[in-house]
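J.: Residue numbers (UniProt numbering): 1 to 637. Beta carbons: idealized from backbone N, C-alpha and C, even for Gly.
#1: Throw me the rounded Cβ distance for the residue 70 and residue 122 pair, which I believe falls under 8 Å.
#2: Is it true that the stretch 155–166 meets the stretch 204–212, where meeting means three or more beta-carbon pairs spaced less than 8 Å apart?
#3: Give the single residue among 341, 607, 615, 233 whose Cα lies nearest to the Cα of residue 634.
#4: Answer yes or no: do residue 253 and residue 311 have a C-beta to C-beta separation smaller than 7 Å?
#5: Curious, which full-length alpha helix (DSSP H) runs of at least 4 residues does the stretch 329–380 contain?
#6: For residue 569 and residue 589, which I take to be in contact (beta-carbon distance under 8 Å), what is that distance rounded to the nearest angstrom?
#7: Please state the DSSP three-state secondary structure of residue 282.
#8: Could you give the uninterrupted runs of the alpha helix (DSSP H) lying entirely in the stretch 162–215, keeping only those of 4 residues or more?
#9: DSSP on residue 121, reduced to helix/strand/coil?
#10: What would DSSP say about residue 437, mapped onto helix, strand or coil?
#11: Check whether the stretch 552–563 and the stretch 500–516 are in contact - that is, three or more C-beta pairs closer than 8 Å.
#12: Under a three-way DSSP split, which group does residue 263 fall into?
#13: Determine, using beta carbons only, whether residue 234 and residue 286 come nearer to each other than 7 Å.
#14: Report yes or no: do the stretch 594–604 and the stretch 616–633 share at least 3 C-beta pairs separated by less than 8 Å?
#15: Taking the alpha helix (DSSP H) that residue 38 falls in, what are its first and last residues?
#16: Is residue 232 helix, strand or coil when you go by DSSP?
#17: Suppose only complete runs of 4+ residues qualify. What are the alpha helix (DSSP H) ranges in the UniProt domain "Importin N-terminal" (28–100), listed by chain order?
#18: Residue range of the alpha helix (DSSP H) that residue 418 falls in?
#19: With 16 other CB atoms within 10 Å as the buried threshold, where does residue 153 fall?
#20: To which residues of the same chain is residue 579 closer than 6 Å at the C-beta, ignoring the five residues directly before and after it?
#21: Under a three-way DSSP split, which group does residue 146 fall into?
#22: Considering only residues of the same chain and omitting the five flanking positions on each side of residue 31, which have a CB-CB separation below 8 Å?
#23: So the candidates are 524, 563, 558; which of them puts its Cα closest to the Cα of residue 576?
#24: Have a look at residue 422 and residue 558 and give me their C-alpha separation to the nearest angstrom.
#25: Can you tell me which of 466, 479, 130, 186 puts its alpha carbon nearest to the alpha carbon of residue 438?
#26: Just the C-alpha distance for residue 11 and residue 50, rounded to the nearest angstrom, thanks.
#27: How is residue 466 classed by DSSP in three states: helix, strand or coil?
#28: Compute the Euclidean distance between the alpha carbons of residue 376 and residue 512, then round it to the nearest angstrom.
#29: Looking at residue 301: is its Cβ nearer than 7 Å to the Cβ of residue 323?
#30: Would the beta-carbon of residue 278 fall within 7 Å of that of residue 288?
#31: Would you check if the stretch 409–423 and the stretch 377–391 touch, i.e. whether three or more CB-CB distances between them fall below 8 Å?
#32: In the structure shown, what three-state DSSP assignment does residue 486 receive?
#33: Out of curiosity, what's the CA-to-CA distance linking residue 308 and residue 483?
#34: Would you identify the three-state DSSP class for residue 630, choosing helix, strand or coil?
#35: By the DSSP assignment, the alpha helix (DSSP H) with residue 293 in it spans what residues?
#36: Measuring alpha carbon to alpha carbon, tell me which of 455, 407, 497, 238 ends up nearest residue 519.
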């Protein structure tokens, strides 16, 4: 393909390929597909997307076709592989200028350079890294940023290679450039902090972007660039500096308004700092040992004391809790039962952990988790009022919920309680005893506090097996709390149902099951069931019907409640609207049918008639249709 004559033709077809008219678009795409294997095609594309005078959409499309061509035809063994001569020309052209003015196109160019680097660097492309490093030193802001962006994508790609020879190459690269990248990061970080102090917002935004990119490079080099990073003074120096920089950036966030664009990038940078620590701990637990004390002090200070008030934000709290959790649970830090079998590194790490997690520290962490982080927020209570079914579905596993703070706090509580249960059991039991008896309906804080403590007792059920007489608690208090109908008591009713569901497979006498079935039936008869507790009732009911040990379920105990239960569950199936909720109801119905077997026959007529209608309504919900089929299988059997 002659470049001069072909450029005009290819440019015209690319322009047609950006059209919204399918009659123009389709033939253009077919022509571009035919050209993919033509010699010289990618050289033409390079000339087009590096020509800043052309239409942005056309240049964008040229970059995408070039990038896709690398995946398909760059390797020597690929069918219709590019010639070595053309690849040499392309490699030289890609790093001639780092001056792309459009951010999106610049990102795509950086990604495609990284794709080429994965195959060719450093053997066929030794010029790449030196060229990038030189471009990082220039005074031109645009060129420096584009080179840094490319440097990050190249580093990210090379760090992901796993063959031993490739790992060795990356180790050599990391040791050779680490000092330079550290100084680059420090320079951009200091510049940003100075510009924030002087109020130069535009300049600070540019410096913050460079700080973020250089930190991303350092993260890859630190985590993947060294076999034993604790022997590197520069690596450990950088990691210790992370804590100081984190404090500076958190303090800096006080002066930047929440709606400021710079605030969003600042929070991303703060989160990236925590990712450096988390990744390093994950990949090099023993190299992390010198950082255990400082990491715990930092995270606990910001999450569990007043030091974090006014500066921390939700994602940062989650990251700090993850850091604590990873240190507490890390297998490398747990000595063997026979101490002599443990390595010195393990014993050293365990010693640091033990010295940090004293009784006062653990007690304060436990209390703050329960009395602060477990409390339902105003936003959650409002959502419950406005969309009760949606709130319940989301709380038990919606996509947005899994990224929120609550599940993270609960997992941390479980891990800490499991690790230090002898210390924390008396603390939690004291909180339970302080809440015995009736609760003032006008005291919202007291209601929310009881909900939080009950949540903790449910999460720690297995650890509290020998410390809580749950049968007596159920008979003497929990059963009565289920019968409180006051609207403000909804959180407690909901939590008690969940709490019993947690304990029923841990410690619950079979003789108490009729009382439990009676309570469930009363709840299912509640006219306000959907807005109160419906899904928790079903989950609780499911636990009651499916004990861990099948011998605990006695059909004769359940038969007196079968007709009313089945009828009420069927009514609930028709009433609820969320797909997830209908699946839960069907699951419970299937469970009932499976447990009572042929004795369900007199009551299933209405369900058999309703399932075909539900099948039609669930055309776009495959999981719900699976639940319908499961129910039908149990009916047929």
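T.: Per the coordinate set shown:
#1: Sequence index remark: in the chain shown, residue 70 carries index 70 (1-based). Sequence index remark: in the chain shown, residue 122 carries index 122 (1-based). In fact, because the Cβ distance is near 18 Å, the residues do not count as touching under 8 Å.
#2: no
#3: Within the chain shown, the letter at position 634 stands for residue 634. Of the candidates 341, 607, 615, 233, the one whose C-alpha sits nearest the C-alpha of residue 634 is 607.
#4: On the chain shown, residue 253 is found 253 positions in, with the first residue counted as 1. On the chain shown, residue 311 is found 311 positions in, with the first residue counted as 1. Yes, these two residues count as a Cβ contact at 7 Å.
#5: Within the stretch 329–380, the runs of alpha helix (DSSP H) at least 4 residues long that lie entirely inside it are, in chain order, 344–356, 359–368.
#6: Here the question's residue 569 lines up with position 569 in the chain shown. Here the question's residue 589 lines up with position 589 in the chain shown. Correct: roughly 6 Å between the Cβ atoms.
#7: Translated into the one-based positions of the chain shown, residue 282 becomes position 282. Here residue 282 sits in helix by DSSP.
#8: 164–198
#9: Residue numbering aside, residue 121 sits at position 121 when the chain shown is read from its first letter. Residue 121: coil per DSSP, three-state reduction.
#10: Position 437 of the chain shown, counted from the start, is the residue given in the question as residue 437. If DSSP states are grouped into helix, strand and coil, residue 437 belongs with coil.
#11: Of all C-beta pairs linking the stretch 552–563 to the stretch 500–516, three or more are shorter than 8 Å, placing the two stretches in contact.
#12: For the purposes of this step, residue 263 is taken as the residue at position 263 of the chain shown. Three-state DSSP puts residue 263 in a helix.
#13: Sequence index remark: in the chain shown, residue 234 carries index 234 (1-based). Sequence index remark: in the chain shown, residue 286 carries index 286 (1-based). Going by C-beta atoms, residue 234 is not nearer than 7 Å to residue 286.
#14: no
#15: Walking along the chain shown from the start, residue 38 turns up at place 38. Premise fails: residue 38 is in no alpha helix (DSSP H) and is neither H nor E.
#16: As a first step, residue 232 must be located in the chain shown, where it is residue number 232. Residue state, collapsed to three classes: coil.
#17: 41–49, 56–73, 84–94
#18: Within the chain shown, numbered from 1, the residue matching residue 418 stands at position 418. 405–419 is the extent of the alpha helix (DSSP H) around residue 418.
#19: In the chain shown, the residue the question calls residue 153 occupies position 153. When all chains shown are included, residue 153 counts as buried.
#20: Counted from its first residue, the chain shown places residue 579 at position 579. Correct list, in chain order: 621, 624.
#21: By 1-based counting over the chain shown, the position of residue 146 is 146. Annotated three-state conformation of residue 146 is helix, per DSSP.
#22: For the purposes of this step, residue 31 is taken as the residue at position 31 of the chain shown. Here the set comprises 13.
#23: Taking the first residue of the chain shown as position 1, residue 576 is located at position 576. Closest option to residue 576, Cα to Cα, is 524.
#24: Translated into positions along the chain shown, residue 422 becomes position 422. Translated into positions along the chain shown, residue 558 becomes position 558. Their Cα atoms are separated by approximately 38 Å.
#25: Your numbering for residue 438 matches position 438 in the chain shown. Of 466, 479, 130, 186, the residue nearest in Cα terms is 479.
#26: Within the chain shown, the letter at position 11 stands for residue 11. Within the chain shown, the letter at position 50 stands for residue 50. Each residue's alpha carbon lies about 13 Å from the other.
#27: In the chain shown, counting from the first residue as 1, residue 466 sits at position 466. The answer is coil: DSSP assigns residue 466 none of H, G, I, E or B.
#28: To locate residue 376, count along the chain shown from 1; it is residue 376. To locate residue 512, count along the chain shown from 1; it is residue 512. Rounded to whole angstroms, the separation of the alpha carbons of residue 512 and residue 376 is 31 Å.
#29: Stepping through the chain shown from its first residue, residue 301 is reached at position 301. Stepping through the chain shown from its first residue, residue 323 is reached at position 323. Result no, Cβ atoms of residue 301 and residue 323 do not sit closer than 7 Å.
#30: In the chain shown, the residue the question calls residue 278 occupies position 278. In the chain shown, the residue the question calls residue 288 occupies position 288. No.
#31: Taking 8 Å as the limit for Cβ pairs, the verdict is that the stretch 409–423 does not touch the stretch 377–391.
#32: Translated into positions along the chain shown, residue 486 becomes position 486. Assigned with DSSP and collapsed to three states, residue 486 falls in coil, not helix or strand.
#33: Residue 308 sits at position 308 when you count from the first residue of the chain shown. Residue 483 sits at position 483 when you count from the first residue of the chain shown. Their backbone Cα atoms lie some 41 Å apart in a straight line.
#34: Taking the first residue of the chain shown as 1, we reach residue 630 at position 630. Residue 630: helix per DSSP, three-state reduction.
#35: Position 293 of the chain shown, counted from the start, is the residue given in the question as residue 293. Unbroken alpha helix (DSSP H) run through residue 293: 289–304.
#36: Residue numbering aside, residue 519 sits at position 519 when the chain shown is read from its first letter. Taking only the C-alpha atoms, the option nearest residue 519 is 497.
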